[in-house]
Amino acid sequence: MYTLIYLYRVKLESIETFIDMNHQAGEIYMSHGSLEEKTYQAEDLSGHHNYKGLIEVIQKEDDEVIFLVQSVFRNKSHYNDVMDQVSIRSDIRVIRSELGHTTDLSNVITATFATDGK
Numbered sequence: 001m002y003t004l005i006y007l008y009r010v011k012l013e014s015i016e017t018f019i020d021m022n023h024q025a026g027e028i029y030m031s032h033g034s035l036e037e038k039t040y041q042a043e044d045l046s047g048h049h050n051y052k053g054l055i056e057v058i059q060k061e062d063d064e065v066i067f068l069v070q071s072v073f074r075n076k077s078h079y080n081d082v083m084d085q086v087s088i089r090s091d092i093r094v095i096r097s098e099l100g101h102t103t104d105l106s107n108v109i110t111a112t113f114a115t116d117g118k
């Protein structure tokens, strides 16, 4: 499996719009073959069991909420195929633009993970 995660800092007043835009984007990615698109709102960013909390490694303002968005694909090749198809859609460009109004995209943290090392 090939998984992408994104951490977004979203202003409190933009939460509903952010969730709606991510839901719309997720439907588009799924319609082109993504296996899973999930959006999670942070519940507790503090550490437990003597581990650091996420709040200790990322910056968050008092008027922000952290969201984790997860996208899952079969492998990196499958991810590239889906992204090639989605990138030509005008509606995804509109959604990305709207996301830019709900959060500072320069503060988004992203990473990829693979179960097969590829």
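For the sequence shown, position 36 (counting from the first letter as 1) is numbered 36 according to UniProt numbering, and the numbering increases by one without interruption.
No residue lacks a Cβ here, since even glycine has one placed at the ideal position from N, Cα and C.
Hey, could you find the ends of the beta strand (DSSP E) R9 is sitting in? Element bounds for R9: Y2 to K11.
In angstroms with no decimal places, state the Cα-to-Cα distance between D81 and T3. Each residue's alpha carbon lies about 14 angstroms from the other.
Looking at S31: is its Cβ nearer than 8 angstroms to the Cβ of F73? No Cβ-Cβ contact shorter than 8 angstroms links S31 with F73.
When you compare each of T115, L12, D104 and A114 to D62 by their alpha carbons, which one comes out closest? If we check each option's Cα against that of D62, L12 comes out closest.
7 angstroms Cβ shell around N22 - same chain, five flanking residues per side excluded: For N22, where only same-chain residues beyond five positions count, the Cβ hits under 7 angstroms are T39 and V69.
Measure the alpha-carbon distance for M83 versus Q41 and round it to whole angstroms. Going from the Cα of M83 to the Cα of Q41 covers about 25 angstroms.
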